[in-house]
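**Student:** Right, I'll just put the structure down here and ask away after.
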Amino acid sequence: MSETGEPIDKSKMRIGDILVYRGKVTQQQMSEAFRLQKETGLRLGEQLIAMELVTEDDMLECLCWQKDVDFTSLVGVDVSPQAYSCLTEDYIEQNLVLPLDVGGGVLTIAHNDPINLQFVIDETAHKANLKIKAYIATEQGIRDAIQKHKEKMREFAPLVDALKMESPDRANPLTDKIWDLEDASTPMVSFTHMIIRTALNRKATDIYIEFVEDRLKVRFRVDGEVQNLLKFPADFDKHKEKIIARIKMMANLDVSERRVPQDGKFRAELKRKFMDCRVNILPTVEGEKAVIRILAKDRLNVSLDKTGMSNYSLKVLTGLLAKPYGLILVTGPTGSGKTTTLYAALQHVWSPKKSVVTVEDPVEYEVPDYSQIQVNTDVGMSFASILRAVLRQAPDVILIGEIRDGETAKIACEAAMTGHLVLSTLHANDSSSSVMRLTEIGVDNFLVASVLLGAIAQRLTRKLCAKCKIKMALTPELVDFAARYKMKTQFVYQHKGCPACTGQGYVGRMGIHEILVNSPQISEVITRKGSPFDIVAEARKKGFITLKEDALLKVFQGLTDMDQVAKSAG
23 MSETGEPIDK
33 SKMRIGDILV
43 YRGKVTQQQM
53 SEAFRLQKET
63 GLRLGEQLIA
73 MELVTEDDML
83 ECLCWQKDVD
93 FTSLVGVDVS
103 PQAYSCLTED
113 YIEQNLVLPL
123 DVGGGVLTIA
133 HNDPINLQFV
143 IDETAHKANL
153 KIKAYIATEQ
163 GIRDAIQKHK
173 EKMREFAPLV
183 DALKMESPDR
193 ANPLTDKIWD
203 LEDASTPMVS
213 FTHMIIRTAL
223 NRKATDIYIE
233 FVEDRLKVRF
243 RVDGEVQNLL
253 KFPADFDKHK
263 EKIIARIKMM
273 ANLDVSERRV
283 PQDGKFRAEL
293 KRKFMDCRVN
303 ILPTVEGEKA
313 VIRILAKDRL
323 NVSLDKTGMS
333 NYSLKVLTGL
343 LAKPYGLILV
353 TGPTGSGKTT
363 TLYAALQHVW
373 SPKKSVVTVE
383 DPVEYEVPDY
393 SQIQVNTDVG
403 MSFASILRAV
413 LRQAPDVILI
423 GEIRDGETAK
433 IACEAAMTGH
443 LVLSTLHAND
453 SSSSVMRLTE
463 IGVDNFLVAS
473 VLLGAIAQRL
483 TRKLCAKCKI
493 KMALTPELVD
503 FAARYKMKTQ
513 FVYQHKGCPA
523 CTGQGYVGRM
533 GIHEILVNSP
543 QISEVITRKG
553 SPFDIVAEAR
563 KKGFITLKED
573 ALLKVFQGLT
583 DMDQVAKSAG
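In terms of this note's numbering, the sequence shown opens at residue 23 and continues consecutively.
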């Protein structure tokens with residue numbers, strides 16, 4: 023506002039007026055600068071800096087204020103090595119784009135040009151494959167920060183090289199190997215890799231390799247359903263042991279052992295895309311059966327807004343994740359996307375300033391930014407024993423792969439009560455039942471009521487193919503639902519099938535969710551050992567939406583159909 027109370031048009035203000043308006047200089051000092059400028063021939067900004075009335079930071083900050091962009095001073099700022107590694111050094115130096123921090127799928131940068139900032143944001147987002155938060159800083163500040171970071175990294179370089187030279191023979195050549203799926207060095211190698219490549223092309227999550235009546239049967243699990251996709255001649259039986267042996271070798275398993283189950287894993291690469299594969303070999307009456315679970319790295323890079331959560335659910339969950347401590351549970355059957363949701367939540371809360379630890383059985387996705395610990399009961403490393411040790415290392419966020427017993431549950435709740443944000447899964451049918459499940463396995467009701475932030479129930483449902491979905495009249499159930507939510511839609515969609523979706527009528531999957539948020543009223547119900555029905559009744563007063571209702575809302579959005587609602591939400 024001006025002195026007369028009129029709004030100020032910043033875009034028309036001159037830099038001298040802005041400096042006075044922002045209190046960087048007085049009007050008298052500005053007049054003196056104008057007088058001296060005529061003698062020196064300097065630009066106004068240069069003159070003010072020469073008079074030591076303002077700094078380069080002051081000048082740029084005022085320009086940013088005029089352009090409505092954020093300014094940051096880089097004095098004393100430490101550049102995050104993780105953020106710096108998101109871009110190439112050439113790109114950073116040539117474009118003066120300084121990575122500052124990375125977390126929650128967002129790369130924070132500093133740049134020196136407020137005029138062309140949006141172009142730089144778009145280009146950097148493409149380069150880093152991350153969302154961008156940008157600040158403006160001085161050119162010299164950015165160059166100094168880049169130089170300071172490079173010098174710091176050079177200090178560590180000799181130590182890193184020395185460590186690389188130390189005990190090179192300790193590496194396991196098989197478990198550390200990354201198998202190239204385009205390798206066709208022998209027919210059996212080519213055949214095995216072809217099966218995995220086909221699964222990847224079809225976006226399968228699991229491969230089933232078995233022999234039924236001497237016929238090789240290869241099936242893929244795609245969008246949650248097992249499909250018979252590859253058939254082979256009857257005389258292929260003579261090769262079955264070679265196929266299983268090849269998979270065992272890739273997973274570093276005992277090729278000669280055929281009497282007991284075996285578990286292993288291997289890493290593979292196809293066209294610069296990397297994946298971890300978990301292998302289970304099981305003896306059957308027809309011979310050994312192999313199942314390969316594909317954990318593609320790109321499937322992990324999922325932000326919360328890509329999980330299928332509604333805007334309402336997303337707002338609720340991000341609110342819970344903003345809390346500094348407490349317990350958040352995710353429930354759902356095997357294969358319902360719980361791990362993806364948990365890792366998306368971790369990505370949302372992570373920053374270089376936080377210590378994140380995961381305790382899992384097994385560790386499904388390896389993430390360099392987290393300390394990840396594999397449960398191994400054979401050597402006494404249970405969930406409970408690991409958690410006790412983890413708490414002595416003062417982490418900020420703890421992900422527990424699954425709460426399986428009362429001891430683990432108690433430690434998780436105690437951790438949540440003592441200043442840690444704890445995320446975990448629990449077997450229960452819905453969000454309210456998960457709360458009561460904790461008390462059933464031995465956690466005190468009062469403790470649950472005190473530490474619980476919220477519980478998420480989740481299922482995966484198939485998404486309609488956008489190219490062939492067809493309209494369907496509303497059923498009586500949908501008419502009632504539309505009336506309750508004041509929707510005037512006269513139709514929804516159902517699946518059909520076309521070449522684009524291989525006749526399935528669906529392409530991909532998304533989550534459906536219900537999120538129970540703890541409140542003083544719900545805590546009171548938990549403390550007095552109320553039922554899940556009592557918990558839901560209280561939650562309803564705060565806008566609680568059930569799994570079924572979330573699924574029906576997605577039907578009205580044209581994302582899925584009633585057949586999938588029946589399968590996923592009952």
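In this text, a Cβ means the ideal position worked out from N, Cα and C, and glycines have one as well.
Which word fits Phe296, buried or exposed, when buried means at least 16 other C-beta atoms lie within 10 angstroms of its C-beta?
**Tutor:** Here residue 296 is taken as the residue at index 274 of the sequence shown, counted from 1. Exposed: under 16 other Cβ atoms inside 10 Å.
**Student:** To the nearest angstrom, how far is the alpha carbon of Ser397 from that of Met210?
**Tutor:** Position 375 of the sequence shown, counted from the first residue, corresponds to residue 397. Position 188 of the sequence shown, counted from the first residue, corresponds to residue 210. Residue identity differs from the one stated: residue 397 is Val in this sequence, not Ser. Their Cα atoms are separated by approximately 34 Å.
**Student:** Per DSSP, what kind of secondary structure is Gly341 in: helix, strand or coil?
**Tutor:** For the purposes of this step, residue 341 is identified with residue 319 of the sequence shown, where counting begins at 1. Helix.
**Student:** Does DSSP put Ile557 in a helix, in a strand, or in coil?
**Tutor:** Taking the sequence shown and counting its residues from 1, the one referred to as residue 557 is at position 535. Reduced to three states, the DSSP call for Ile557 is helix.
**Student:** Which of the three DSSP states is assigned to Cys299 in this structure?
**Tutor:** Locating residue 299 in the sequence shown gives position 277, where the first residue counts as 1. In the structure shown, Cys299 sits in a strand (DSSP, three-state: E or B).
**Student:** What would DSSP say about Val381, mapped onto helix, strand or coil?
**Tutor:** As a first step, residue 381 must be located in the sequence shown, where it is residue number 359. Residue state, collapsed to three classes: strand.
**Student:** Hey, out of Gly63, Met81 and Glu61, whose CA is closest to Val47's CA?
**Tutor:** Position 25 of the sequence shown holds residue 47. The shortest C-alpha separation from Val47 is found at Met81.
**Student:** Sort out for me which residues DSSP pairs Lys293 with in a bridge.
**Tutor:** Position 271 of the sequence shown, counted from the start, is the residue given in the question as residue 293. Its beta-bridge partners do not exist; DSSP assigns none.
**Student:** Taking its Cβ as the centre, do 16 or more other Cβ atoms sit within 10 Å of Thr160, making it buried, or is it exposed?
**Tutor:** Sequence index remark: in the sequence shown, residue 160 carries index 138 (1-based). Per the 10 Å Cβ criterion, buried.
**Student:** Looking only at its own chain, which residues have a Cβ that is under 7 Å from the Cβ of Cys108, when we skip the five neighbours before and after it?
**Tutor:** The residue labelled residue 108 in the question sits at position 86 within the sequence shown. Answer for Cys108: Pro121, Val124, Leu129, Ala150 and Leu152, listed in chain order.
**Student:** Thinking C-beta only, is Lys287 closer than 9 Å to Val277?
**Tutor:** Here residue 277 refers to the residue found at position 255 when the sequence shown is read from its first residue. Here residue 287 refers to the residue found at position 265 when the sequence shown is read from its first residue. Not in contact: Val277 and Lys287 (Cβ atoms no closer than 9 Å).
**Student:** Reducing DSSP to helix, strand and coil, say where Leu185 ends up.
**Tutor:** In the sequence shown, counting from the first residue as 1, residue 185 sits at position 163. Note that Leu185 scores a pLDDT of 47, beneath 50, so its modelled location is shaky and nothing firm can be said.
**Student:** Using only the alpha-carbon positions, how far apart do Glu145 and Val381 sit?
**Tutor:** As a first step, residue 145 must be located in the sequence shown, where it is residue number 123. As a first step, residue 381 must be located in the sequence shown, where it is residue number 359. Going by the C-alpha atoms only, they are around 37 Å apart.
**Student:** Alpha carbons only, please: which of Ala504, Val412, Ile478 and Leu75 is nearest the one belonging to Leu339?
**Tutor:** One-based indexing of the sequence shown puts residue 339 at position 317. The shortest C-alpha separation from Leu339 is found at Ile478.
**Student:** Below 7 Å CB to CB, which residues in the same chain sit around Ala495 once its five sequence neighbours on both sides are set aside?
**Tutor:** Residue numbering aside, residue 495 sits at position 473 when the sequence shown is read from its first letter. So the qualifying residues of the chain are Phe513.
**Student:** Can you tell me which of the three DSSP states Arg237 falls into?
**Tutor:** In the sequence shown, the residue the question calls residue 237 occupies position 215. Arg237 falls in the strand class under three-state DSSP.
**Student:** Helix, strand or coil: which one does DSSP assign to Gln49?
**Tutor:** The residue labelled residue 49 in the question sits at position 27 within the sequence shown. It is helical.
**Student:** Do you know whose CA, among Ala406, Lys432, Gly428 and Ser377, lies nearest Gln415's CA?
**Tutor:** For this step, residue 415 is matched to residue 393 along the sequence shown. When each option's Cα is compared against that of Gln415, the closest is Ser377.
**Student:** Within the same chain, show all residues whose beta-carbon is closer than 7 Å to that of Phe503, passing over the 5 residues directly before and after it, in chain order.
**Tutor:** Against the sequence shown, residue 503 aligns to sequence position 481. Counting only Cβ-Cβ distances below 7 Å, and skipping sequence neighbours, we find Leu574.
**Student:** For Ser207, is the classification buried or exposed, using 16 other Cβ atoms within 10 angstroms of its Cβ as the cut-off for buried?
**Tutor:** Locating residue 207 in the sequence shown gives position 185, where the first residue counts as 1. Classification for Ser207: exposed.
**Student:** Counting only the same chain and skipping the five closest in sequence on each side, list residues whose C-beta sits under 6 Å from that of Gly580.
**Tutor:** What you label residue 580 is simply residue 558 of the sequence shown in a count that begins at 1. Cβ neighbours of Gly580 beyond the five flanking positions: Tyr515.
**Student:** If Ile200 sits next to Glu291, beta carbons under 8 Å apart, how far is it from one beta carbon to the other, in whole angstroms?
**Tutor:** Walking along the sequence shown from the start, residue 200 turns up at place 178. Walking along the sequence shown from the start, residue 291 turns up at place 269. The Cβ separation is near 5 Å, so the contact holds.
**Student:** Once the 5 residues before and after Cys520 are set aside, which same chain residues still bring their CB inside 7 Å of it?
**Tutor:** Here the question's residue 520 lines up with position 498 in the sequence shown. Once the five neighbours on either side are set aside, the close Cβ partners of Cys520 are Cys487, Lys489 and Cys490.
**Student:** When you compare each of His535, Ala559, Ala522 and Ile537 to Glu546 by their alpha carbons, which one comes out closest?
**Tutor:** For the purposes of this step, residue 546 is identified with residue 524 of the sequence shown, where counting begins at 1. Residue Ala559 is the option with its Cα nearest to Glu546.
**Student:** Please state whether DSSP places Arg280 in a helix, a strand or coil.
**Tutor:** Position 258 of the sequence shown, counting from 1, holds the residue named residue 280. Reduced to three states, the DSSP call for Arg280 is coil.
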